[in-house]
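S.K.: The sequence shown begins at 457 in the numbering used here and counts up one residue at a time. The C-beta atom is built at its ideal place from N, Cα and C for all residues, glycine as well. Every value quoted in this text rests on a predicted model; they were computed, and no experiment measured them. Take a look at the following structure, please.
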Amino acid sequence: MQEAGHERRYEAGDTVKLTTLLDHKATLKDVRLVFAHEHERQSVPPLIARGEPTPVSERDAEGSIRSRVDAEITLPRTVVPGIYHLVRISYETGEGRLGHVQIEGGGLPETARITFEVFSEPEDAPSIVDITFADS
Numbered sequence: 457m458q459e460a461g462h463e464r465r466y467e468a469g470d471t472v473k474l475t476t477l478l479d480h481k482a483t484l485k486d487v488r489l490v491f492a493h494e495h496e497r498q499s500v501p502p503l504i505a506r507g508e509p510t511p512v513s514e515r516d517a518e519g520s521i522r523s524r525v526d527a528e529i530t531l532p533r534t535v536v537p538g539i540y541h542l543v544r545i546s547y548e549t550g551e552g553r554l555g556h557v558q559i560e561g562g563g564l565p566e567t568a569r570i571t572f573e574v575f576s577e578p579e580d581a582p583s584i585v586d587i588t589f590a591d592s
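Right, here's the structure in full:
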């Protein structure tokens with residue numbers, strides 16, 4: 457992974473790690489962060505980071521609890537280079553109910569937009585620095 461300014465840059469094989477803090481009432485079983493390609497949303501499959509919530513607080517008087525989700529995705533060899541934006545957070549509750557938190561339109565403050573860039577790996581060949589027999 458490389459980091460340039462405020463942008464994160466990755467290539468195929470890298471692992472993207474994210475931490476999310478959620479406030480919720482239902483017991484959450486699974487959380488997925490869904491990223492869409494900036495220019496090719498219709499033709500490029502989304503990238504999905506998954507994680508299991510871990511409670512970080514006790515339930516309050518209204519029944520809400522805070523959970524931390526450490527989610528990650530290892531970028532496949534077939535990943536399409538470009539900018540990917542977080543477009544939604546999906547979840548499954550303990551009873552199996554599925555839901556989504558839309559990011560666009562108020563689900564996340566504009567200042568907290570989560571994006572990263574996937575770039576193509578360089579095409580150069582490695583150069584030999586040293587070579588020896590391992591059993592000597």
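For Ala505, which of helix, strand or coil comes out of DSSP?
M.R.: Position 49 of the sequence shown, counted from the start, is the residue given in the question as residue 505. Ala505: strand per DSSP, three-state reduction.
S.K.: Quick one: measure Cβ to Cβ for Leu531 and Ala468, integer angstroms, because I've assumed they're closer than 8 Å.
M.R.: Start at 1 with the first residue of the sequence shown, and residue 531 comes out as number 75. Start at 1 with the first residue of the sequence shown, and residue 468 comes out as number 12. Sure, about 5 Å apart at Cβ, within 8 Å.
S.K.: Between the Cα of Gly550 and the Cα atoms of Lys481, Thr534 and Ala527, which residue gives the shortest distance?
M.R.: Within the sequence shown, residue 550 is the residue found at index 94, counting from 1. Closest by alpha carbon: Lys481.
S.K.: Decide yes or no for the touch test of the region 514-529 against the region 579-590: beta carbon pairs closer than 8 Å, at least 3 of them.
M.R.: These segments do not touch.
S.K.: Taking the straight line between their C-alpha atoms, what separation do you get for Arg465 and Ile504?
M.R.: Counting from 1 along the sequence shown, the entry for residue 465 is found at position 9. Counting from 1 along the sequence shown, the entry for residue 504 is found at position 48. C-alpha separation (whole angstroms): 17 Å.
S.K.: Distance, Cα to Cα, Thr475 vs Asp586?
M.R.: Within the sequence shown, numbered from 1, the residue matching residue 475 stands at position 19. Within the sequence shown, numbered from 1, the residue matching residue 586 stands at position 130. Straight-line Cα distance between these residues: approximately 41 Å.
S.K.: Apart from the five residues just before and just after Arg506, which ones in its own chain have a Cβ nearer than 6 Å to its Cβ?
M.R.: Here the question's residue 506 lines up with position 50 in the sequence shown. Result list for Arg506: Arg488 and Ala527, in chain order.
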